[in-house]
Amino acid sequence: MTIGQIGLGLDFSLGMSFEDQQTLAREAAELGYESLWTPEGAGLDSFHLCALRNQASRLATGIGVCPVAYRSPVAFAMSAGTVSAMSGGKFSLGIGSGGIYRADARRQLGLPRRSTLGVMREYTAAVKGLLAGESVSIQGESVQYDGVQLGFRPPPTPVLVGALGPQMIQLGAEAGDGAVLNWCDPERVSWSRDRLNEGAARAGKRPEDVQLVEYIRICVDDDIETARMSYAKSMLGYALGQEVPSERLRKFAYRAHFERMGFTEELASLDDMRRSGASADEVAATASEELLTRVGYYGNASGAKAAFEALADGLDTAIVRVVAAKPGLDSVRAVMRACAPNG
């Protein structure tokens, strides 16, 4: 078994105050975690949170990932470069496509229809070039720059691409410094490594020049059913989405990802429940153990670390993504301690 660095993922669902962010960052350092990660939505600015966590703990920090629709490449580079400089080069930026493959998401943000892969290729190349101190000129569909350059030179700052499918994973190696995965079983991690290496070879890079990073969800509680329900709702929010997808949308993002892992029939059955008016709790209660435990862990704290390590095999950075069984920091700390590198 090969496991790289162990990070900790703390997100907005945990209800942390700014003081909580600092306290948990310090506790994570004491427990042996090597980095702190957060996703980004349309809420608190994750660059500020990464700087706050780094200042409290001196740990490396990262965003995995921020949707590209929220910022221009220059804005990404300015913010990422600033946090990288403040932390002494201990910051990694992950960017992802978010919902731009969906017409409703594009309408909400006022975006034209574009190739999702093309948008990500242009953004990744532009952000990486700017962070490297280059004068960037790109005449693409989504990015049109003519000699744009940052007014300072940040420390080396990895740019990672949020990816699930083969082309996006390859793009992470070709245009960026690697890929950020999500909800993967061991076979999918191995498959993703192969795709990443293919992308690296196309770009003339060595396999060790690119990183494979993943969030691995962990939820622990002595009340197994409570842990199961919290974890299942978290996972099904990705696997099923917020509404039953059309045939077209099933071919994209997380739905396609879970179907590639063999869950087409089960997800279709859960969709039928939703069409019939079943509640989120009823759908979560019906999800199979195979679906739930293939890509993460819920249960007693005693089994969490072994399950995490099995799922982390082959990753350069494996991130313990906390799913709280109950509101409050006690559930967060329970996961942190159960998977602690120093434990």
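Quick note on the numbering used here: the sequence shown kicks off at 58 and runs consecutively.
Glycine residues also receive a C-beta, built at the ideal position from the N, C-alpha and C atoms.
Per DSSP, cross-strand counterpart(s) of Pro124 | Beta-bridge pairing links Pro124 to Gly153.
Span separating the alpha-carbon of Met330 from that of Ser345 | Near 14 Å, if we compare the C-alpha coordinates of Ser345 and Met330.
Considering only residues of the same chain and omitting the five flanking positions on each side of Val200, which have a CB-CB separation below 7 Å?
-> Cβ neighbours of Val200 beyond the five flanking positions: Pro130, Glu179, Tyr180, Ala183.
Evaluate Ala325 with the Cβ neighbour count: other Cβ atoms within 10 Å of its Cβ, from every protein chain shown; 16 or more gives buried, anything less gives exposed.
-> exposed
So who's on the other strand from Val218, going by DSSP bridges?
-> According to DSSP, Val218 shares a beta bridge with Ile152, Ala236.
List the endpoints of the continuous alpha helix (DSSP H) containing Leu109.
-> 103–114
Per DSSP, cross-strand counterpart(s) of Gln201 | Gln196
Whose C-beta lies closer than 7 Å to the C-beta of Leu188 among residues of the same chain, with five residues either side of it excluded?
-> Ala134, Ala137, Gly138, Pro211, Thr214, Val216
Rank Thr343, Gly400, Thr374 by C-alpha distance to the C-alpha of Ala363 and give the top, closest one.
-> Gly400
According to the neighbour-count rule (16 or more other Cβ atoms, all chains shown, within 10 Å of its Cβ), is Arg115 buried or exposed?
-> exposed
Sequence-distant residues of the same chain with beta carbon closer than 7 Å to Ala382, five excluded per side = Cys276, Val277, Asp278, Thr283, Ala284, Ser287, Ser388
Exposure label - Thr118; buried when at least 16 CB within 10 Å = buried
For Ser92, write down the residues that DSSP places opposite it in a beta bridge.
-> Gly64, Ala117
When you compare only the Cα positions, how much space is there between Ala126 and Gly155?
-> 8 Å
Look at the Cβ atom of Leu65, then the Cβ atom of Met73, and state whether they are nearer than 9 Å.
-> no
Ranges of the beta strand (DSSP E) found wholly within the region 260–333, counting only runs of at least 3 | 268–277
So, helix, strand or coil for Thr59, using DSSP?
-> Thr59 falls in the coil class under three-state DSSP.
Contact between the region 389–398 and the region 296–312 (3+ Cβ pairs under 8 Å) | no
Indicate whether Val267 and Leu238 have their beta-carbon atoms separated by less than 9 Å.
-> no
Give the range of the beta strand (DSSP E) segment to which Val379 is assigned.
-> 374–379
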